[in-house]
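**Q**
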Amino acid sequence: MQTPVTRPEEKQAQKTVRKPYPNFKVIVVNDDVNTFEHVAKTLMTYIPHMTSDKAWELTNQIHFEGQAIVWVGPQEQAELYHMQLQRAGLTMAPLEAA
Numbered sequence: 063m064q065t066p067v068t069r070p071e072e073k074q075a076q077k078t079v080r081k082p083y084p085n086f087k088v089i090v091v092n093d094d095v096n097t098f099e100h101v102a103k104t105l106m107t108y109i110p111h112m113t114s115d116k117a118w119e120l121t122n123q124i125h126f127e128g129q130a131i132v133w134v135g136p137q138e139q140a141e142l143y144h145m146q147l148q149r150a151g152l153t154m155a156p157l158e159a160a
C-alpha cells in the first residue's frame, strides 16, 4: 500500500486561518464618590476621540443605568484605558471580552 504524496500546490492550498483578536469592553460603574463633571472630564482626557457630548451622554448612562461601556477595542489598549480611568478615581468593572 502506498502513502499519498502531497504535491507542493496542495500544501499551499492549506492556508492558515487567521482569527482576529477579541475586543474588550471598558466599563465605568456608577458610584457615590465621583461628580458628573469629574467623570465627563476624565472620559474626555483618557478615551481617544471622546467628545464632550459623548462624555456627558455616557456619564448620564453611568448614573441612571448603573454602568456604561466607554470604549471597546484590543486588549492592550483596553487595559491602558481601564488603568488610567481607575487611577483617576472612576469605579471600574473588570475588563470583559466583547
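Our numbering puts the sequence shown at residues 63 to 160.
Ideal Cβ placement from N, Cα and C applies to all residues, glycine included.
Just so you know, these numbers come straight off a predicted model, no measurement behind them.
1) Select from R80, P110 and D115 the residue whose C-alpha is nearest the C-alpha of A102.
2) What does a CB cutoff of less than 6 Å around A150 pick up in its chain, not counting 5 residues either side in sequence?
3) Alpha carbons only, please: which of T78, D93, W118 and Q76 is nearest the one belonging to Q148?
4) Please report the distance separating the alpha-carbon of I131 from that of A117.
5) What are the boundary residues of the beta strand (DSSP E) that includes A117?
**A** If we stick to the structure as given:
1) D115
2) T104
3) D93
4) 11 Å
5) First-last for A117: S114 to E127, but that is the alpha helix (DSSP H), not the beta strand (DSSP E).
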